[in-house]
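Q:
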Amino acid sequence: MMMAPEQYVEQFENASYQEILKVKNELVSEISKFEHDYDMEDPDCEVKPGPDVHYQWNLEALGLIAPMLSKAFNREYEWGV
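See below:
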């Protein structure tokens, strides 16, 4: 069973900007991989739940991690917006 995106993102609540940036980059990489192989030619696409579910999960997690990235940046670099 997959963890809910909200639950996944919670673990980075107090993470550093660099740690959250790494998570964001991993999510973007997975999203991009799916978008460039949406016809499922990649042999790794034989997983359950299917790649489309992973794609949606990654999009949701990215939507949640983006504000955290912004807050961490402002907190560490004191450039408050």
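Oh and the sequence shown: position 51 is 51 in my numbering, straight run, nothing missing.
All C-beta atoms, glycine included, are put in the ideal place defined by N, C-alpha and C.
#1: Look up Gly80 in the DSSP assignment and say whether it is helix, strand or coil.
#2: Nearest CA to the CA of Pro77: which residue from Lys24, Glu6, Ser16?
#3: Below 6 Å CB to CB, which residues in the same chain sit around Leu27 once its five sequence neighbours on both sides are set aside?
#4: In this structure, does DSSP put Pro67 in helix, strand or coil?
#5: Pick helix, strand or coil for Pro51, following the three-state DSSP scheme.
#6: What first and last residue would you give for the alpha helix (DSSP H) that runs through Ser29?
#7: With Met68 and Ile20 assumed to form a contact (beta carbons below 8 Å), what rounded beta-carbon distance in angstroms separates them?
A: For this structure:
#1: Model confidence at Gly80 stands at a pLDDT of 49, short of 50, so the residue's coordinates are unreliable and nothing is read from them.
#2: Note that residue 77 corresponds to Tyr in the displayed sequence, not to Pro. Closest by alpha carbon: Ser16.
#3: Asn58, Ala61, Leu62
#4: helix
#5: helix
#6: 17-36
#7: 6 Å
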